[in-house]
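Listed in order, the protein sequences are those of chains A and B.
Residue numbers are given in our numbering: position 82 of the first sequence equals residue 79, and the series is strictly consecutive.
Residue numbers are given in our numbering: position 79 of the second sequence equals residue 76, and the series is strictly consecutive.
Glycine included, each C-beta is placed from N, C-alpha and C at the ideal position.
Reviewing the structure listed below.
2 protein chains.
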Amino acid sequence: MVFAGIDLGGTSIKAGIVNEAGKILAEASAPTNPKRPYQEMTRDFITCVMDAMNKSDTKMEQLASIGIGIPGIADQATGKVVFCPNIGWRDIPLKEELQKYIDRPVYIDNDATVAGLAESYAGVSRNCRSSVFLTLGTGVGGGIIIDGKPWSGAHGIGSELGHMTLVANGIPCNCGNNGCMERYCSATAVIQMAKQVCMTYPESRMVYLAGGSPDNLNARCVFDAAKEGDKPALMVFEKYVDYLAMAINNVSAFLDPEMIVLGGGVSHAGIFLLDAVRARLPRYLLYKSLPSARVELAQLGNDAGIIGAAFLGMANAPRE
Amino acid sequence: MVFAGIDLGGTSIKAGIVNEAGKILAEASAPTNPKRPYQEMTRDFITCVMDAMNKSDTKMEQLASIGIGIPGIADQATGKVVFCPNIGWRDIPLKEELQKYIDRPVYIDNDATVAGLAESYAGVSRNCRSSVFLTLGTGVGGGIIIDGKPWSGAHGIGSELGHMTLVANGIPCNCGNNGCMERYCSATAVIQMAKQVCMTYPESRMVYLAGGSPDNLNARCVFDAAKEGDKPALMVFEKYVDYLAMAINNVSAFLDPEMIVLGGGVSHAGIFLLDAVRARLPRYLLYKSLPSARVELAQLGNDAGIIGAAFLGMANAPRE
C-alpha cells in the first residue's frame, strides 16, 4: 500500500506518493492561488495526486488514503477545515469534496503537527513513542505526538506552542496577546533582537553579511556572524538561545516527551544552535539529575510536509 | 473487583478500598513519620490497606491492584519512587517492597496526576477523554489525562505545570528558576500579592478578616473580602484571575484538553473564582470563536487522592 500526502501552503500545493517506509516515490505540484473557490483548489489537489500516482506507477487499488497538512485547524470528525487564515478558508468541507473524486479515507491536520508526525515515523524521532516538534520559522508552530499518534487537541486547537505566554505582559504578538513564545523564539524574534543590537553596534559583522543594511538582516546573518565570533551577534545568539531553552523546558515540564525536535528555518543553524541550546537547558530543568527529553534537529526538511500528511493515514487508526 | 488506593502525604498515609464506580468503601490511616526507613513505612501502607479491607469486608481475591499517589516522581516501568523530596525518598523500590506482602499489581504516580485521574473517572471530568487538572495550593501541581489514561511523561517528570515559565525573568521560585507559573497562580501567590496591596491599604477588609494582621493573611481572607466588594481585595483578585487565565490559556494552546479542572485550596473560592476566570479567559484564547476546553471546579476534594490512586489499576492497562 502507498499513501498520498498533500502539503498545502500559501504559495503552492505539493502532493506526493509515499510508501510505508516514508520514501516519497513521486511528487507533483501546482500554485495555490488562494483566492479561488475551494472546489477549484480541490480539483488541483486531485490532479497533483493523480500526476504523482502516474509518475510512480501507482494503481488506484494500491492507494490507502489521502492526507493533507494545512496551515490551520481541521475538525478530524467531520473532515472540515475549520479555519485556515492564509488560504482564507473557514468551515470548508474538504474531505467531502475530495471524496467526490477519490473514494479513500481522507485525513486533515495542522502542518506543524504533520511535520512532527513525519519526523516521528521516518525522521529523527522515529523510535520515539512521544515527541514534540517545534518549527522555528517566521512564527513558531508545534506538533505533538503521543503514543505514536498526532495530538491536535480535543477541539483541534492544541499544539499552538508559539502562542503560549512566555513573558506575561511582554512583546505584543499578532494574535492580540503579549509575550507569546514566538515573539522570543522565532526567526522574526532573532531579526528583531539583531536590529536592536545593531543600532548600538553598526559595525557588527551581521550588518556586513546583510549587505550593509540592518534592514536586510535575516536569522542566517546573525547565526553566521555569531559562528565567526562577532560579539554583537553572539549577544543576540545567547539571548535567543536563553529564551529557546526556557521554551524547551516548558515543553518538558508540561509533557515530558521522549524527544523535542527543532525544525523550521532557524534550525538550519544546525549543530551550532543545537549545542548551545543543550548547554543552556540544564539551567532551567526542574529535575537536573533525572533523564529528560533529548533535543535534536529535524532531519526531513521540506519533505516532512508531504511525508507527514501521507502518514496521517497510518497514524489515524483509532486510539484506544 | 475492588482497588486499593494509598494517598501518601507529608503528614499522613491514607488508604482506601474503592469500587469500580469510584466509591470509597472504607478507609484507614497512619502518620507518615517521613524520617523512618521506607520498609517500615511500607508496612504501614499494608496495615492500612488490610485495615480498610477488613472494614469493607473485602476478601484478598477481590483486590485487583494497589495504587499509590506520591508527592514526587515514580518510574512506572520499575515501580521505583525516583524522587520524593517531602518524604526524603530517592530511588526507593516501593513496588518490590509492597509485593513482599501482597502479590498484586502495584502502580505509583504523582499525587496531582492521581487527583486528575480521580476527577476523570468519578468526578467533574468523568465524561472527558482528555483533561488537565490544576491543584492551586501552596504550589501548583498538574495532572494530565489523555485518552482516559494518566500521562506523566516519557521520563515521569511531566505535568509539572506549576514550574512552566509564565514570566521570563520574573519572581524567583524555590526551584531555582524565575517566573514559574506557581509564583503567580498558587495560594502563596495570592497571599504575596495581598500583603503588598495591604501595605498601601492597611484598612482593607482582608486585614480585618486576617485578625488584624497582614502576617496572618491567607487566600480565603482575600477571596472573602473580594466577595464582599472590598476594593483592595478586588485588586488582588483581579490580578490573580488575570494570571490564572493566562496559565489556563497556555494549557489550551498546548494540549487543548476537553476540560481544565481547578482543584486545591484556592478552588474553594468556588463559583466566584470560576465565573471570574471564565470571564477573563477569552481575552487570551487564540481562536476566540472556536470551541475550547471547559473550565470547571474539582468535585472530589480530598477523596481524590485515594480514589485516583485506586484507579491507577484501571487506567494503567497498556496504551495502544
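{"Item": "Select from the segment 65 to 80 of chain B all residues with a C-beta closer than 9 Å to any C-beta belonging to chain A, and list them in chain order.", "Value": "Ile70, Val79 and Phe80"}
{"Item": "When burial is assigned at 16 or more other CB atoms within 10 Å of the CB, is Lys20 of chain B buried or exposed?", "Value": "exposed"}
{"Item": "Output the distance between the C-alpha atoms of Arg277 of chain B and Cys45 of chain B, rounded to the nearest integer angstrom.", "Value": "44 Å"}
{"Item": "Is it buried or exposed, Asp106 of chain B, if we count other Cβ atoms within 10 angstroms and call 16 or more buried?", "Value": "buried"}
{"Item": "How is Gly209 of chain A classed by DSSP in three states: helix, strand or coil?", "Value": "coil"}
{"Item": "Apart from the five residues on each side of it in sequence, which residues of its chain come closer than 8 Å, Cβ to Cβ, to Met232 of chain A?", "Value": "Val194"}
{"Item": "At a CB distance below 9 Å, what residues from the segment 151 to 173 of chain B approach chain A? Give them in sequence order.", "Value": "Ala151, His152, Gly153, Ile154, Gly155, Ser156, Glu157, Leu158, Gly159, His160, Met161, Thr162, Leu163, Val164, Ala165, Asn166, Gly167, Cys172 and Gly173"}
{"Item": "Is the CB of Ser127 of chain A under 7 Å away from at least one CB in chain B?", "Value": "yes"}
{"Item": "Can you list, in chain order, the stretches of the alpha helix (DSSP H) that have 4 or more residues and sit fully within the segment 77 to 127 of chain A?", "Value": "91 to 96 and 108 to 119"}
{"Item": "Any C-beta of chain A sitting closer than 7 Å to the C-beta of Glu179 of chain B?", "Value": "no"}
{"Item": "Which residues in chain B have a C-beta closer than 9 Å to the C-beta of Leu287 of chain A? List them in chain order.", "Value": "Ile70, Val79, Phe80, His152, Gly153 and Ile154"}
{"Item": "Got a sec: which bits of the segment 236 to 263 of chain A sit with their beta carbon under 9 Å from any beta carbon on chain B, in order along the chain?", "Value": "Asp239, Tyr240, Met243, Ala244, Asn246, Asn247, Val248, Ser249, Ala250, Phe251, Leu252, Asp253, Pro254, Glu255 and Met256"}
{"Item": "Could you check if Ala25 of chain A is buried or exposed, using at least 16 other CB atoms within 10 Å of its CB as the buried criterion?", "Value": "buried"}
{"Item": "Between Asn313 of chain A and the ligand SAM, is there a pair consisting of the residue's CB and a ligand heavy atom that are separated by less than 6 Å?", "Value": "This structure does not include the ligand SAM; it has no bound ligands of any sort."}
{"Item": "Name, going along the chain, the residues of the segment 135 to 149 of chain B whose beta-carbon falls closer than 9 Å to a beta-carbon of chain A.", "Value": "Gly139, Ile141, Ile143, Asp144, Gly145, Lys146, Trp148 and Ser149"}
{"Item": "Would you mind sorting Glu235 of chain B into buried or exposed? The rule is 16 or more other CB atoms within 10 Å of its CB.", "Value": "exposed"}
{"Item": "Looking at C-beta atoms only, is the number of pairs between the segment 93 to 101 of chain B and the segment 283 to 291 of chain B that lie closer than 8 Å three or more?", "Value": "no"}
{"Item": "Tell me the start and end of each unbroken beta strand (DSSP E) in the segment 170 to 225 of chain A that is at least 3 residues and wholly inside, in chain order.", "Value": "none"}
{"Item": "Counting only Cβ pairs nearer than 8 Å, list the residues of chain A close to Tyr284 of chain B.", "Value": "Ile70, Phe80 and Ile154"}
{"Item": "Starting from the beta carbon of Tyr281 of chain B, find every residue of chain A whose beta carbon is closer than 7 Å, and list them in chain order.", "Value": "Asn174"}
{"Item": "Just to confirm the assignment, what range does the beta strand (DSSP E) spanning Glu293 of chain B have?", "Value": "Arg291 to Leu294"}
{"Item": "Check whether the segment 285 to 305 of chain A and the segment 164 to 180 of chain A are in contact - that is, three or more C-beta pairs closer than 8 Å.", "Value": "no"}
{"Item": "On the DSSP bridge list, what partners appear for Gly64 of chain A?", "Value": "A:Gly2 and A:Tyr104"}
{"Item": "So, helix, strand or coil for Lys32 of chain B, using DSSP?", "Value": "coil"}
{"Item": "Let me make sure I understand the geometry here. Which of B:Leu270, B:Gly150 and B:Gly208 has the alpha-carbon closest to that of Gly261 of chain B?", "Value": "B:Leu270"}
{"Item": "CB Val274 of chain A to CB Glu116 of chain A, shorter than 7 Å?", "Value": "no"}
{"Item": "Between the alpha carbons of Leu22 of chain A and Ala12 of chain A, how many angstroms are there, rounded?", "Value": "11 Å"}
{"Item": "How many angstroms separate the CA atom of Glu317 of chain A from the CA atom of Ile142 of chain B?", "Value": "For Glu317 of chain A, the pLDDT reaches just 41, beneath the cut-off of 50, and the residue's location in the model is therefore unreliable, although a value from the coordinates is still provided. Rounded to whole angstroms, Glu317 of chain A to Ile142 of chain B spans 13 Å at the Cα level."}
{"Item": "Suppose the cutoff is 6 Å on Cβ atoms and the five residues either side in sequence are ignored; what does the same chain contact list for Arg280 of chain A look like?", "Value": "none"}
{"Item": "Can you find a CB in chain B that lies within less than 7 Å of the CB of Ile105 of chain A?", "Value": "no"}
{"Item": "In terms of alpha-carbon separation, which member of B:Thr135, B:Gly136 and B:Ala112 lies closest to Ser128 of chain B?", "Value": "B:Ala112"}
{"Item": "Roughly how far, in whole angstroms, is the beta-carbon of Leu114 of chain A from the beta-carbon of Gly140 of chain A, given that I think they are within contact range, below 8 Å?", "Value": "7 Å"}
{"Item": "Does DSSP put Gly298 of chain B in a helix, in a strand, or in coil?", "Value": "helix"}
{"Item": "With DSSP as the reference, identify every bridge partner of Gly13 of chain A, one or two as the case may be.", "Value": "A:Gly2 and A:Glu24"}
{"Item": "Put Asp72 of chain A into one of helix, strand or coil per three-state DSSP.", "Value": "strand"}
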